[in-house]
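Contents: one structure, followed by commentary.
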Amino acid sequence: MDAPADFRALPSIDHLLKSEAAAPLLDRYGRTLVTDELRATLQDIRAAMRTGGTPPDEAGIFAALLARLEHRDRSNLRPLFNLTGTVLHTNLGRALLAEEAIAAAVDAMREAAALEFDLDSGRRGERDSHLRGLLCELTGAEDATIVNNNAAAVLIALNAVGAGREAIVSRGELIEIGGAFRMPDIMERAGVRLVEVGTTNRTHPKDYRGALRPETALILKVHTSNYRIEGFTAEVPGAELADIAKEAGVALVNDLGSGTLIDLSRFGLKREPTVREAVAEGAGLVTFSGDKLLGGPQAGFIVGRRDLIAEINRNPLKRALRVDKIRIAALEATLKLYRDPDRLAARLPTFRLLSRKECDIRQQAERLAPALATLLAPLGYAVDVCACASQIGSGALPVDTIPSAGLRITGASGGALETLAARLRALPRPILGRIGDGALILDLRCLLDEAGFLDSLSSGFAPS
Ligand SMILES: *Cc1c(COP(=O)(O)O)cnc(C)c1O
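Position one of the sequence shown corresponds to residue 502 (the numbering used here), numbered consecutively onward.
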């Protein structure tokens, strides 16, 4: 048995930790982590030696150690290239923030801020006060409040207005958004009794009227944001629903989901109902997300009647669902951009990406295809420029796509695409595409940093 002798030839942990090469690692990662990973590195080496491997020299040991430390230090939250074709991808964090919002958030993180403090009077202030004025100005509502996300906005609105009583909803609007957000479940948790009316495809004013009882607290309208019912359909327009609610003395709560503050046709997209329109139609409360089409950080906005907003603010859930100063700062900066709609496409990344022209994206694809082909051809992949159809995502205009362009990568064998997709995900800055029709498709609509994209690729695929 000569293996034990070989093991003794390996330097000790103590020796290695004292060597010059260890100093920068200790400085960067700390003694505990370096010692742990060094022990694991030596274990790997011994295991390799048992099956006939030759022991590395000290430089080799440190190279292996550094690789382990870097891997362990790597964050799953690191930036990535979203080339899935879905601009507002919930699993990838939805909207990218405007520089103005990022700067405001960073300032708020670094310093104390008058979050709940009124600088004029020197008295305790209110968290919502930073956004209330802007939200009222941009939506025409009397009052506004802000919570953690739109799911929370719906939950607290229903609880505050309807706990222990009934809410009428059309069967065509009992949506599931994904991630366990099902409208009937949320209503149950909010303590309101669901009264379903109409059918999946058609609901009429008489259906709502017929369901009104003394126990009715509200009528809920839900924007069917992630699907569309087509064909023989009927829904009651918001304004008419508001009249029915008003006659009966109950509130109309309108969950807009994505909720946009401006007419999207300005960016060549199809119209979605705006928050201002929903307010003008007479809804008592309108709820919408901060990080969908609005283009800000995660948040849920509730705008509407002063008495109903006051009811929400008195609700104990409000404290549990409140947002922090970092997001309030970013939201304020984002909302301010809407005061100048003409420059929105230049300043708000969501609209910048959504309004990119197909011909520009195609040119970008043509620029990038040769470089990608050079890196991937030796591995047996072919690269072509292709047409793509981007989606807004996060439940806005679910069946409408935006013409785009991208790179279509095909491989020799079936499994090759999965292998390539995994390698792209393992890059220091991962690249996420979409596999479909026997190809890996990279939709370039969301690629603004071309140089970074090429850097990331070449770090993982050495040119031949
Ligand atoms: C997205 C959406 C929600 C949930 O909003 P979050 O901001 O994801 O919490 C609720 N209702 C509708 C109609 C939606 O589209």
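Note that CB positions come from ideal geometry on N, CA and C, so glycine has one too.
- In the DSSP assignment, LEU818 falls within the unbroken alpha helix (DSSP H) covering 818-821.
- THR851 places its beta carbon 7 Å or farther from that of GLY769.
- Inter-residue distance for LEU517 and LEU566 is about 11 Å (C-alpha atoms, whole angstroms).
- Judged by beta-carbon spacing, THR788 lies within the 7 Å limit of ASP756, meaning their Cβ atoms are closer than that value.
- Under DSSP, the beta-bridge partners assigned to GLY801 are VAL648, SER790.
- With respect to LEU794, SER766 sits apart: the two C-beta atoms are not nearer than 7 Å.
- Judged by their CB atoms, GLY805 and LEU786 are nearer to each other than the 7 Å cut-off.
- Apart from sequence neighbours up to five positions away, the residues of its chain that approach ASN583 with a beta-carbon distance below 7 Å are HIS590, LEU593, LEU933, CYS947, ordered along the chain.
- Inside the region 813-889, DSSP marks whole alpha helix (DSSP H) runs of 4 or more residues at positions 818-821, 826-838, 845-848, 850-855, 859-877, from first to last along the chain.
- Sequence-distant Cβ neighbours of ASP885 in its own chain, meaning closer than 6 Å and more than five residues away, are ARG909.
- Around ASP708, the same chain offers VAL698, GLY699 as residues with beta carbons nearer than 7 Å, after the five sequence neighbours per side are excluded.
- Nearest in C-alpha terms to GLU638, of all of ASP841, THR552, ILE829, GLU748, is ASP841.
- When the Cα atoms are used, ILE687 and ARG611 turn out to be separated by approximately 36 Å.
- Boundaries of the beta strand (DSSP E) around GLU667: 667-671.
- DSSP, read as helix, strand or coil, puts GLU697 in strand.
- By the 16-neighbour rule on beta-carbons within 10 angstroms, GLY739 is buried.
- For the pair SER895 and ARG595, the CB atoms are nearer than the 7 Å cut-off.
- As for any beta strand (DSSP E) of minimum length 3 sitting wholly inside the region 727-784, the runs are 752-758, ordered along the chain.
- The alpha-carbon separation between CYS887 and ALA752 amounts to approximately 50 Å.
- Remark: fewer than three beta-carbon pairs, one from each stretch, lie closer than 8 Å, so the region 771-783 and the region 602-609 are not flagged as touching.
- Counting other Cβ atoms within 10 Å of its Cβ, ARG828 reaches 16 or more and is therefore classed as buried.
- Distances taken from the Cβ of ASP956 to the heavy atoms of ligand 1 include none shorter than 6 Å.
- LEU636 has no beta-bridge partner at all, per DSSP.
- ILE678 places its beta carbon 7 Å or farther from that of VAL696.
- Between ALA653 and LEU822 a beta carbon distance of about 4 Å is seen, short of the 8 Å cut, so the two are scored as contacting.
- In this structure, the CA atom of ALA712 is about 35 Å from the CA atom of ASP792.
- For ALA718, the enclosing beta strand (DSSP E) covers residues 717-723.
- Set against 6 Å, the gap from the CB of SER671 to the closest heavy atom of ligand 1 is not smaller.
- Each residue's CA atom was taken as its position, placing PRO929 and LEU581 some 9 Å apart.
- Between GLU689 and VAL662, the alpha-carbon positions lie close to 14 Å from each other.
- Shortest gap from the CB of ASP756 to any heavy atom of ligand 1: under 6 Å.
- As a beta-bridge residue in DSSP terms, ASN583 pairs with LEU933.
- By DSSP's assignment, ASP944 forms a beta bridge with GLY907.
- For THR533, the enclosing alpha helix (DSSP H) stretches over residues 532-551.
- By the C-beta density criterion, HIS572 is exposed, having fewer than 16 other C-beta atoms within 10 angstroms.
- In chain order, ARG672, GLY673, ILE730 place their CB closer than 8 Å to the CB of THR701, counting only its own chain and leaving out the 5 sequence neighbours on each side.
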